[in-house]
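J.: Residue numbers (this note's numbering), protein chains in the order written: chain A, 684 to 974; chain B, 684 to 974; chain C, 684 to 974; chain D, 684 to 974.
Where is the CB? At the ideal position from N, CA and C, for every residue including glycine.
Structure below; questions to follow.
Number of protein chains: 4
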Amino acid sequence: MNSIYTLTATCPDQSGLIASITNCIASNGGNILNLAQHTSVDLGMFFCRIQFAAPSISEPDEGGKIFSPASFTADFSELAGKFNMEWKLYDKSVKQRMAVLVSKTSHCLYEVLLKHADGQLDCEIPVIISNHPDLCSVATEFHIPYFQIDTQKGKEACEADIQSLLEQYKIDVVCMARYMQILTPEFTRRWDNKVINIHHGFLPAFKGARPYEQAWKKGVKLIGATAHFANQDLDQGPIIFQDVVRVKDTNSIHEFVEIGKDVERRVLVEGLKRYFNHNVFIHEGRTFIIE
Amino acid sequence: MNSIYTLTATCPDQSGLIASITNCIASNGGNILNLAQHTSVDLGMFFCRIQFAAPSISEPDEGGKIFSPASFTADFSELAGKFNMEWKLYDKSVKQRMAVLVSKTSHCLYEVLLKHADGQLDCEIPVIISNHPDLCSVATEFHIPYFQIDTQKGKEACEADIQSLLEQYKIDVVCMARYMQILTPEFTRRWDNKVINIHHGFLPAFKGARPYEQAWKKGVKLIGATAHFANQDLDQGPIIFQDVVRVKDTNSIHEFVEIGKDVERRVLVEGLKRYFNHNVFIHEGRTFIIE
Amino acid sequence: MNSIYTLTATCPDQSGLIASITNCIASNGGNILNLAQHTSVDLGMFFCRIQFAAPSISEPDEGGKIFSPASFTADFSELAGKFNMEWKLYDKSVKQRMAVLVSKTSHCLYEVLLKHADGQLDCEIPVIISNHPDLCSVATEFHIPYFQIDTQKGKEACEADIQSLLEQYKIDVVCMARYMQILTPEFTRRWDNKVINIHHGFLPAFKGARPYEQAWKKGVKLIGATAHFANQDLDQGPIIFQDVVRVKDTNSIHEFVEIGKDVERRVLVEGLKRYFNHNVFIHEGRTFIIE
Amino acid sequence: MNSIYTLTATCPDQSGLIASITNCIASNGGNILNLAQHTSVDLGMFFCRIQFAAPSISEPDEGGKIFSPASFTADFSELAGKFNMEWKLYDKSVKQRMAVLVSKTSHCLYEVLLKHADGQLDCEIPVIISNHPDLCSVATEFHIPYFQIDTQKGKEACEADIQSLLEQYKIDVVCMARYMQILTPEFTRRWDNKVINIHHGFLPAFKGARPYEQAWKKGVKLIGATAHFANQDLDQGPIIFQDVVRVKDTNSIHEFVEIGKDVERRVLVEGLKRYFNHNVFIHEGRTFIIE
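Structure representation (structure tokens):
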């Protein structure tokens, strides 16, 4: 079987970019399956995501050759230097490892685990970490180790425990699935653009605590949720995915919370899908989803 | 033909409200066509909108009697006093008169005039006022007087001119259909909850100028518009209607503006419909749309 | 604590209906919490759903009286006779009992069980029945008995087994949560308007088998799902709830199936919510959802 | 200024397609602005739309060369032959000419003309043809010739008159903006995939007359509209764009019609936009919108 790779590249817009890139892939034996590209007229920047198949040891090409990531990297680095390009190559067979942080509510955790079991999230989930015992049974159903951290010890010790677990389980990315603690700037800096949070409000409105109550008091007619990278500015990191749902003015605050759950879980999973599919580019403090 | 009335009533929630109200209507000869009611568990408040038909001079009831607004008012006032109720009675045959304020862009004005011509806005539109000459031809197409005010004279003189036109045309409510001037607190206080504005952003996010540019820079995934009452706090008055549309990260700021136009015009007209249908209740700084 | 009742009533439209109904409730000691009513101009029919609180043994009114369903029924029957009304009174403390029929796919079953556990479905779920063993573990997680019927025995024997389980568990309503067998007319007649099915297409288009493949081949731009009562006409029973989701022409048939799952589970649960909240009226072969 | 071209190409999927195509563009001096591509796993077909800028007489490249459509066509034809490719090259400066057919209702015509005036439809509209006089004033507002055909003469003579006007005005494509006559198979065959109709129903459900009444009687919960190519099978030609809007069961048939107007006009314009942007590919009886 062929290997599948995804190449992402960003650079200032210039003439001949796509031809140069696609030639480099072709000359290394790659066959493009999917190419999505965007040139921002507002920024003069070029963003590109290419998925390609390439001959592997189990299925070499007619001449017996296989795709060599090392050779490709050498070739592409030269091209990248010329175009002042940032780029990455992902091998589909190497799954990213995601830890899930949770507190007490189960709807986001269930959604992540069910969609993962259904093959819709291209990652591994080796560990679940919580500041409460409540969701241990859910983890058990899905045969994933669950660790409860002791928040009595203080935030610093707590995050040290989390960090230690992330290292132990060789974690690449952290998902906050309604984890109701604020991470320290030290933590988010260390895991820069590697912590994905679901906020139960349509950011940038309704940052911080009790967003549904804020929304109800304001009398908004749609409520939403936002999957975003957590950084040192609370609920202000780059937005990955958002959605809203229409509410009625006859809905209570409690009903906003209930209705919102469906949006939250959907938005979180859609955000994670795009992350693991390498559709997410970050530039000048915002994302560009290229798909 | 029967006359059609709409009754709106708000009061603290109590037992027996609906039976009392519907009895008062029935005993005055009214036949309920439509009743919408909401009790807010969060506020302990009761909101009610009732549309009823009643025998008129042209179609008295079998006993020859007609509905008397004066008698009804006497009866209902007693009941309202008992329940500490705020209420209003609207006669459908008495149309409210709306002035439209515009600047240069035509999409909202066209929408208001086309929907009005199609019978979807239950009001009269006797005058259009602008700080620019550009949309005079649109007004002419629809046979509505158009006045251009001279912003060189300063905001105060300008608003005096507007006020004078509103009085001359016996205006009840003012619609800002992308009127790009900020009204003074004096003006909005005088026309309290009588000025409806369309803001081209999903409030409370993106208040003020250039909301689409703000939204683009933030990388939001949906953009929206908000119809709201204009008051002394810029873009913070009670929200009447909102909607959003999904955008792609490959859209430019310019495309946001283009895409947004459709949302703006739709939201403005939906807000106006609800206003003229007496669905809009204001309580504790927000609206309750009861429909 | 007060008891909560829901009254549903349908009749030809006439003058004085709401006042008569609300008076009957008030005179029996009921306090209306919520009233939704609709008069269809196309049919000349009146539909009404009223939720009211009434003094119970545990909380009698000031005079020591309690609401008597028997007295109310006597009073209301007289009124109903006069207006040629069909009506029902539901006591909120008496939960309906729902059986869930499934085959191999879990997404709808999980959704029903998770929403039920979250308190969003006002019913009991005492049994799950399947023609396959696959979902037994899901039932076990939620501590609900699971029975596998043997389809080798033929449809008649199979449905006899189902019927026997439904009787044994005193079932009121049956939910087909992606149960991939067609029920016989005998069965659906016996359970007339008591079997709720989720069809994975936007009915009335794409009836029958493989609706996503039909939709893909037709090149439709939105795919949907439909919760409806199953009757003897395949996928043609009255529609309870529907929703759609936009697809791209770059989606494969397989992706339609994946994307569709989210719509199916949401639509099924929204349909069930309305059913158990007594919002669903059936008239002239279609539903009227009054909420 | 550079010239802008759009290239569309379809062929069986093969290795090296994108590199070959982009090289051919680059070697002819083209600079790719935008590339969208799709490989259908269900059909094994490749679809590609590429927009590129190329040096024109007014702005030759550094070496003084300009892009020659003739040379490109020679080069690309060779490549196309090798890959068994269907393709077309569009010069953005050559606008397509669209005739609009209407009957009595104005909402779709207004939308087409307003969006065209706003620069959102990349075509010319040299003529409007109707079987009624009603919309002549709208055409006049926008300074477009309006012709009323005489349906008394019979369908054949009528279509002969239309055909004659289409030839006189050198029309490329015909838009039926709520034109309430059925075209003959002879006409649609002659204008194969060149007649775009707006159907006021969510096809393939509710073909033919009175789709809103059909929808109401069926009790559907969303109503829609469909922009599609008209062919000899009534309302069955390839679908270009669709959308729906949620309705309430308290809406009358008349309200369905009113609500539907907004969907119709939006869907028609979105369909036309995609057509004139060359996003619409037709394969095996359905469209693939590649954008």
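Which ranges would you report for the beta strand (DSSP E) in the segment 834 to 920 of chain B if only whole runs of at least 3 residues count?
T.: 856 to 859, 878 to 882 and 905 to 912
J.: Where do the N-terminal and C-terminal ends of the alpha helix (DSSP H) with P752 of chain A fall, by residue?
T.: DSSP places P752 of chain A inside the alpha helix (DSSP H), whose first and last residues are P752 to F766.
J.: Between Y862 of chain C and chain A, is there a C-beta pair that is closer than 8 Å?
T.: For Y862 of chain C, no CB of chain A lies under 8 Å from its own CB, so it is not counted at the interface with that chain.
J.: Which same chain residues, not among the five before or five after H799 of chain A, have their C-beta less than 7 Å away from its C-beta?
T.: I808
J.: Pair every Cβ in the segment 933 to 943 of chain A with every Cβ in the segment 720 to 733 of chain B, then say whether three or more of these pairs are closer than 8 Å.
T.: Contact between the segment 933 to 943 of chain A and the segment 720 to 733 of chain B is present, because at least three Cβ pairs lie under 8 Å.
J.: Please list, in chain order, the residues of the segment 694 to 716 of chain B that have any C-beta partner in chain C closer than 8 Å.
T.: S698, G699, L700, I701, A702, T705, N706, I708, A709, N714, I715 and L716
J.: Going by DSSP, name the residue or residues bridged to R957 of chain C.
T.: DSSP lists no partner for R957 of chain C.
J.: From C731 of chain C to E842 of chain B, what does the alpha carbon distance come to, in whole angstroms?
T.: For C731 of chain C and E842 of chain B, the distance between alpha carbons rounds to 49 Å.
J.: Does R949 of chain C come within less than 8 Å of chain A when only Cβ atoms are used?
T.: yes
J.: Going straight from the alpha carbon of L690 of chain D to that of A822 of chain C, what length do you get?
T.: 55 Å
J.: Spatial neighbours of D696 of chain B within its chain, please: CB distance less than 7 Å, with the 5 preceding and 5 following residues excluded, ordered by chain position.
T.: T722, G727, M728 and F729
J.: For A898 of chain D, which of D:A910, D:T909 and D:F885 has the nearest alpha-carbon?
T.: D:F885
J.: Kindly identify the DSSP beta-bridge partner or partners of P695 of chain C.
T.: Partner(s): C:M728.
J.: As a quick exercise: from D:L866, D:L849 and D:G746, pick the residue whose alpha carbon is nearest that of G837 of chain D.
T.: Here the closest residue by C-alpha is D:L866.
J.: Assuming T970 of chain C is part of the beta strand (DSSP E), what are its boundary residues?
T.: R969 to I972
J.: Grouping DSSP H, G and I as helix and E and B as strand, with all else coil, what is I749 of chain D?
T.: coil
J.: Tell me whether the beta-carbon of D805 of chain C lies closer than 8 Å to the beta-carbon of F959 of chain C.
T.: yes
J.: Who are the Cβ neighbours of K775 of chain B in its own chain at under 6 Å, not counting the five residues just before and after it?
T.: I687
J.: Is there a C-beta anywhere in chain D that falls below 8 Å from the one on E941 of chain B?
T.: yes
J.: Please determine if the segment 948 to 966 of chain B and the segment 911 to 930 of chain C are in contact, where contact requires at least 3 C-beta pairs separated by less than 8 Å.
T.: no
J.: For the alpha helix (DSSP H) that V821 of chain D lies in, which residues bound it at each end?
T.: C819 to E824
J.: For L804 of chain B, does the three-state DSSP call read helix, strand or coil?
T.: coil
J.: Any heavy atom of the ligand ATP closer than 7 Å to the Cβ of R893 of chain A?
T.: Judged by which ligands are present, the structure shown has none, so any question about the ligand ATP falls away.
J.: Quick check on T689 of chain A: does DSSP put it in helix, strand or coil?
T.: Three-state result, T689 of chain A: strand.
J.: Between the C-alpha atoms of E881 of chain D and M859 of chain D, what's the straight-line distance to the nearest angstrom?
T.: Note that residue 881 of chain D is Ile in the sequence shown here, rather than Glu. Looking at the two C-alpha atoms, the distance is approximately 7 Å.
J.: According to DSSP, which residues form a beta bridge with R948 of chain B?
T.: Secondary-structure assignment with DSSP links R948 of chain B through no beta bridge to anything.
J.: According to DSSP, is T722 of chain C part of a helix, a strand, or is it coil?
T.: strand
J.: Would you mind working out which of C:Y829, C:I965 and C:Q915 sits nearest K900 of chain D, comparing C-alpha positions?
T.: Of the candidates C:Y829, C:I965 and C:Q915, the one whose C-alpha sits nearest the C-alpha of K900 of chain D is C:I965.
J.: Is the separation between the beta-carbon of A908 of chain D and that of Q919 of chain D shorter than 8 Å?
T.: no
J.: Output, in chain order, the set of chain D residues within a Cβ distance shorter than 7 Å of L990 of chain A.
T.: This structure leaves residue 990 of chain A out entirely; chain A is present only between 684 and 974.
J.: Starting from I965 of chain A and walking both ways along the beta strand (DSSP E), at which residues does that stretch end?
T.: V963 to H966
J.: When burial is assigned at 16 or more other CB atoms within 10 Å of the CB, is Q720 of chain D buried or exposed?
T.: buried
J.: Could you compute how far the alpha carbon of I701 of chain A sits from the alpha carbon of V777 of chain D?
T.: 26 Å
J.: Going by C-alpha distance, which of A:A736, A:S813, A:E869 and A:I972 is nearest I708 of chain A?
T.: Minimum Cα distance to I708 of chain A is reached at A:A736.
J.: Flag this pair as yes or no: are the beta carbons of R957 of chain A and Y852 of chain A separated by less than 8 Å?
T.: no
J.: Under a three-way DSSP split, which group does I733 of chain A fall into?
T.: strand
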